[in-house]
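Below is one structure; the comments refer to it alone.
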Ligand code: FES
């Protein structure tokens, strides 16, 4: 993947250019022999990162790689229409209501963000 460098099996650096302000970005990493699918959104000096996995039935949230449905400020799962708050990742309507997207902590470093990868 362009814009990301592996540091070890669990930490990666995301360059600022990979996460433009306000956009939802899909980021897939090889991890433990599989692909770890993430969803990131940069807001001001914060980077929100979640697993790109719907808590309803475990499907990816994007309808095509890196393409997300957003309706009235809510992220809509492409599979069955669950709606998630972009503030905190909580499912606020549709199947899986009450669930929450699994988050990943991101910390600011020079020119980007450091993520510690793990599975939900
Ligand atoms: S898998 Fe997302 S709503 Fe069913």
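In this note's numbering, the protein residues as written are 1 to 120. Every residue, glycine too, gets a C-beta built ideally from N, C-alpha and C. Every value quoted in this text rests on a predicted model; they were computed, and no experiment measured them.
- Under the three-pair Cβ rule at 8 Å, the region 24-35 counts as touching the region 59-68.
- Setting aside the 5 residues that flank it on each side, residue 91 is surrounded in the same chain by 82, 84, 97 and 99, each with a C-beta closer than 6 Å to its C-beta; the list follows chain order.
- Secondary structure note for residue 41: its beta strand (DSSP E) is the uninterrupted segment 34-43.
- Minimum Cα-Cα distance from residue 72 among the listed residues 86, 80 and 78 corresponds to 86.
- Assignment of beta-bridge partners to residue 31 by DSSP yields 34.
- Judged by DSSP in its simplified three-state form, residue 17 adopts helix.
- With fewer than 16 other Cβ atoms from the protein chains shown falling within 10 Å of its own Cβ, residue 80 counts as exposed.
- Per DSSP, the continuous beta strand (DSSP E) segment holding residue 106 begins and ends at 106-109.
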